[in-house]
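Each residue of the sequence shown is one higher than the one before, starting from 125 at the first, in this note's numbering. In this text, a Cβ means the ideal position worked out from N, Cα and C, and glycines have one as well. The structure under discussion appears below in the form of structure tokens.
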Amino acid sequence: MEESGFAAELKNLPMADLMQVKIGAGLKPGQTSCHTGQIEGYVIEGHVPAREVKRLLAERPDAIGLTVPDMPYGSPGMGEAGPDADPYDVLLVRRDGTTEVYARYP
């Protein structure tokens with residue numbers, strides 16, 4: 125994210141505390157991943173491409189944020205994008221907890 129112009133502050137939390145952050149943000153089981161970030165009132169969960177975060181901030185939908193559940197190979201920080209990359213969706217998490225596909229990769 126820093127390479128894409130975002131300032132980042134890293135906090136290593138015990139797993140129980142991290143789960144409370146995720147739950148407190150409104151994420152449900154199946155919407156979580158390994159990393160949780162917050163920016164301008166939105167939650168960014170997992171390996172979300174920076175361009176989708178920029179799009180989110182430009183569009184400002186009424187939502188909790190974005191998530192890439194699990195850790196798909198080929199997502200940012202999870203190996204090279206290319207023919208061996210796993211397809212994955214970036215999901216927009218609405219305030220009511222429902223999701224919709226925000227972007228598809230590759």
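**Report entry** Cβ neighbour criterion (16 or more within 10 Å) applied to residue 172
**Finding:** buried
Query - Any chain B beta carbon closer than 8 Å to residue 208 - result: No chain B appears in the structure shown, which is made up of a single protein chain.
Query - Coil, strand or helix - residue 182 by DSSP - result: Residue 182 carries a helical assignment under DSSP once its states are collapsed to helix, strand and coil.
Requested in this report: Kindly indicate which residue of 177, 198 and 226 has the alpha-carbon position closest to the one of residue 161.
Outcome: Among 177, 198 and 226, the Cα nearest to that of residue 161 is on 177.
Requested in this report: Give a yes or no on contact between the region 210-218 and the region 185-197, applying the rule of three or more CB pairs nearer than 8 Å.
Outcome: yes
Report task. Identify every residue that forms a DSSP beta bridge with residue 177. Result -> For residue 177, which the question treats as bridged, DSSP gives no partner whatsoever.
Report task. Measure the CB-CB distance between residue 169 and residue 181 and report whether it falls below 8 Å. Result -> no
**Report entry** Proximal residues to residue 149 (C-beta, below 6 Å), its chain only, five neighbours per side dropped
**Finding:** 167
Query raised in the report: Would a C-beta distance cut-off of 8 Å place residue 198 and residue 210 closer than the cut-off?
Result: For the pair residue 198 and residue 210, the CB atoms are nearer than the 8 Å cut-off.
**Report entry** Whether residue 222 touches residue 193 by CB criterion (8 Å)
**Finding:** No. Outside cutoff.
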